[in-house]
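The sequence shown: position 55 = 55 (the UniProt record's numbering), numbered continuously. For reference, the structure discussed in these notes is given below.
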Amino acid sequence: MTKLKYSIYFAAVFMMSSCKRYLDVKPKGKLIPSSVTDYDHLLDNTSTVELNFLDGNKGSLLANLGDNLELTEGQVKVGFILSSHPNIERYYAHIFRQPYKNPNLDDQFWSSGSQGMYPQISYFNNVIEGIRSIGQKSPEEEVVGKISVAQALIGRAWCYFNANMIYGPVYKPGTANSTKTIPYLVDVDINKPIPNLSTSEEVVTRVLNDLHEALPNLPERSTWPSRANRATGHAMLAYYHLFTQKFDSVAYYANLAWSSAGSPAAVLYDYNKLKLADPARPTTSLLISSQDAYTNVVNSREMLFYRATEKDAGMGASLSYPSAELIALYDQANDLRFSFFYLNSAGYKTTQGGGYDDGMRISNYRFRKMKMTDGFSWPEILLMRAEGYARTNKLDLAIKDLNTLRQYRFKTGTPPLIAGTQDEVIKMVLEERRRELPIGGFKRFLDLKRFTLDNGKPWSKAQITHKIAGQTYTGTIDSKDFIVPITNVVLRFNPNWGIPLETRPY
Numbered sequence: 001m002t003k004l005k006y007s008i009y010f011a012a013v014f015m016m017s018s019c020k021r022y023l024d025v026k027p028k029g030k031l032i033p034s035s036v037t038d039y040d041h042l043l044d045n046t047s048t049v050e051l052n053f054l055d056g057n058k059g060s061l062l063a064n065l066g067d068n069l070e071l072t073e074g075q076v077k078v079g080f081i082l083s084s085h086p087n088i089e090r091y092y093a094h095i096f097r098q099p100y101k102n103p104n105l106d107d108q109f110w111s112s113g114s115q116g117m118y119p120q121i122s123y124f125n126n127v128i129e130g131i132r133s134i135g136q137k138s139p140e141e142e143v144v145g146k147i148s149v150a151q152a153l154i155g156r157a158w159c160y161f162n163a164n165m166i167y168g169p170v171y172k173p174g175t176a177n178s179t180k181t182i183p184y185l186v187d188v189d190i191n192k193p194i195p196n197l198s199t200s201e202e203v204v205t206r207v208l209n210d211l212h213e214a215l216p217n218l219p220e221r222s223t224w225p226s227r228a229n230r231a232t233g234h235a236m237l238a239y240y241h242l243f244t245q246k247f248d249s250v251a252y253y254a255n256l257a258w259s260s261a262g263s264p265a266a267v268l269y270d271y272n273k274l275k276l277a278d279p280a281r282p283t284t285s286l287l288i289s290s291q292d293a294y295t296n297v298v299n300s301r302e303m304l305f306y307r308a309t310e311k312d313a314g315m316g317a318s319l320s321y322p323s324a325e326l327i328a329l330y331d332q333a334n335d336l337r338f339s340f341f342y343l344n345s346a347g348y349k350t351t352q353g354g355g356y357d358d359g360m361r362i363s364n365y366r367f368r369k370m371k372m373t374d375g376f377s378w379p380e381i382l383l384m385r386a387e388g389y390a391r392t393n394k395l396d397l398a399i400k401d402l403n404t405l406r407q408y409r410f411k412t413g414t415p416p417l418i419a420g421t422q423d424e425v426i427k428m429v430l431e432e433r434r435r436e437l438p439i440g441g442f443k444r445f446l447d448l449k450r451f452t453l454d455n456g457k458p459w460s461k462a463q464i465t466h467k468i469a470g471q472t473y474t475g476t477i478d479s480k481d482f483i484v485p486i487t488n489v490v491l492r493f494n495p496n497w498g499i500p501l502e503t504r505p506y
């Protein structure tokens, strides 16, 4: 029974949960797949897009390890400690107090109920193996089956690639990368033993194989951005090569993805044409686009591949603020992202614990007004191409891509950027990437890890320092400080992995 219980982390039983098409499509109901269509429907289950490396309240300790957020004394002492916040691991991560998570509870990144990485992967594995196991298919089923398998392969590769560097060290090209990180589960038979941990190198190799296997069968267009299309496959390959430092391949695949967009205006919102529904209430007014009405839904024009990200990172009432360093990166007079999303409002205030009042503070309202993703947005595709160009010394092309995005983000008439040295251009690209991507989630966390390979460069950091109430806390990026350990709940039933249980008090 214990084996069966904890096989649930990886098993096919998740496919029997309620399955529905993603976003406002009628539920299909209880489903035991038996046809290509049934397996295809599994890709529309909301569990394939929600709570990716997020906790149950859609926050993440990963962002709190990085340099985009800061906490105040009141938020910590009352909001987290005195109030017994259910996700106190965010605070523990911010002060680099290990273990961050309670080692004797389910890890919500890994698996919690029907959510988490491995329940999500179980959907993808069932689609892949289920469709492949169907012998006789009609011509139409053959086509649908190949597309569904390809989309499942991309979804699975996305999970494993990111998890490899969340549960393990940064991938270091040219080295053995022999650290064991996660099990690369591809089987749906719950009676088979859970596989051993794969090394970082093995995960990266298998991800690349999955990506190339999927690419020929990905459709040019997908029904929803929760499903991969051809551009998503190219984007995933560009993202993969960012971390393996093959920057000519980054530029190549990002260019293939971007070229399918048509024109910048088709996939970018011009912030000069956006307006607030109620300018008198900027913190509560929804952002309305004069171009369409989809800025705050998953099928907005800027969304390529949707995976949920944090919903409240940098919101003062939700126990974090944008860091002073992040705020300083913005041209506050001309960058419309700052004008729309970084708003001065009442900060955290409470009478508990002796009383705390943060006063007026800048909070980040971007998630409230525009849908964000930890998957891929079209702006990120453009910035990956720019980084690929900059890293291969094609500086004019990199600056051209930067200016293309800035044309849609800065006030009309803002002077364009001009190329400098290679390091200066790379720095400009990476700062734009930091401004454009979600301030929560795991994107910045993983960027900080890969930047350690650029030791000595202005964008590379060896450590992160946080200050709360005059006290300083420091974490080292290329260390266990930036690795999420596998919980005891899983380790107890996999002693063959050879990982000792966490015995430190929580």
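Beta carbons: idealized from backbone N, C-alpha and C, even for Gly.
Nonlocal neighbours in the same chain, by C-beta distance under 8 Å from residue i, ignoring five residues either side
| i | result |
| --- | --- |
| Pro279 | Ser285 |
| Val207 | Ala157, Tyr160, Phe161, Asn164, Tyr240 |
| Gln352 | Val78, Leu82, Ser83 |
| Ile54 | Per the sequence shown, the amino acid found at residue 54 is Leu instead of Ile. Counting only Cβ-Cβ distances below 8 Å, and skipping sequence neighbours, we find Ser60, Gln108, Phe109, Ala308, Thr309, Glu310, Gly441. |
| Arg337 | Tyr271, Tyr330, Arg366, Arg409, Arg435, Glu436 |
| Asp67 | Ser323, Glu325, Leu326, Arg444, Leu448, Lys461, Ile464 |
Residues near residue i in its chain [Cβ-Cβ closer than 7 Å; skip 5 each side]
| i | result |
| --- | --- |
| Ala317 | Tyr348 |
| Leu215 | Gly233 |
| Leu395 | Ala419, Gln422, Val425 |
| Lys275 | Ile288, Ser290 |
Residue i - partner residues in DSSP beta bridges
| i | result |
| --- | --- |
| Phe305 | Phe376 |
| Phe410 | Asp335 |
| Asn344 | Ile362 |
| Pro322 | Leu69 |
| Lys349 | Asp357 |
| Gly475 | Ile464 |
6 Å CB neighbourhood of residue i in its chain, flanking five on each side removed
| i | result |
| --- | --- |
| Gly413 | none |
| Tyr9 | With a pLDDT of 40 at Tyr9, under the threshold of 50, the predicted position of this residue should be treated as unreliable, and no value is reported. |
| Met360 | Asn344 |
| Ala257 | Ala231, His234, Ala235, Ile381 |
| Ala238 | Val250, Tyr253, Ala254, Met384 |
| residue 593 | There is simply no residue 593 to check, as the chain begins at 1 and stops at 506 in what is shown. |
| Met51 | Correcting the residue identity first, residue 51 is Leu in this sequence and not Met. Only Gln115 meet the Cβ criterion. |
| Trp497 | Leu197 |
| Pro438 | Thr309, Met372 |
| Gly475 | Phe96, Ile464, Asp481 |
Terminal residues of the beta strand (DSSP E) in which residue i lies
| i | result |
| --- | --- |
| Ile486 | Premise fails: Ile486 is in no beta strand (DSSP E) and is neither H nor E. |
| Ser289 | 287-289 |
| Thr179 | It is not in any beta strand (DSSP E) - Thr179 carries neither H nor E in the DSSP assignment. |
Start-to-end residues for the alpha helix (DSSP H) that takes in residue i
| i | result |
| --- | --- |
| Thr205 | 200-214 |
| Thr503 | No alpha helix (DSSP H) contains Thr503, which DSSP labels as neither H nor E. |
| Thr37 | 36-42 |
| Gly155 | 139-166 |
### Query
Just checking, does the stretch 31-42 make contact with the stretch 283-299 on the three C-beta pairs under 8 Å criterion?
no
### Query
Does the stretch 105-118 touch the stretch 384-399, meaning 3 or more C-beta pairs lie closer than 8 Å?
no
### Task
Spell out a yes or no on whether the stretch 264-274 and the stretch 213-230 are touching, meaning 3 or more CB-CB pairs, one atom from each, closer than 8 Å.
no
### Task
Please specify which runs of the alpha helix (DSSP H), each continuous and at least 4 residues long, are wholly inside the stretch 220-275, giving them in chain order.
230-244, 247-259, 264-267
### Message
Check whether the stretch 338-347 and the stretch 92-100 touch, using three or more Cβ-Cβ pairs below 8 Å as the test.
### Response
no
### Task
Mind listing, in chain order, the continuous alpha helix (DSSP H) runs of no fewer than 4 residues lying wholly within the UniProt domain "RagB/SusD" (380-473)?
395-407, 422-436, 443-451
### Message
Counting beta carbon pairs with one atom in the stretch 426-433 and one in the stretch 47-60, are three or more of them shorter than 8 Å?
### Response
no
### Message
At 4 residues or longer, what runs of the alpha helix (DSSP H) sit wholly inside the stretch 80-129?
### Response
89-94
#### Entry: the stretch 307-317 / the stretch 439-447 touching (three or more Cβ pairs under 8 Å)
yes
### Task
Determine, using beta-carbon pairs with one atom in the stretch 63-76 and one in the stretch 328-344, whether at least three such pairs fall under 8 Å.
no
### Message
Three or more C-beta pairs under 8 Å: does that hold for the stretch 467-483 against the stretch 359-376?
### Response
no
### Query
With contact counted as at least three CB pairs below 8 Å, one residue from each stretch, are the stretch 457-464 and the stretch 485-494 in contact?
no
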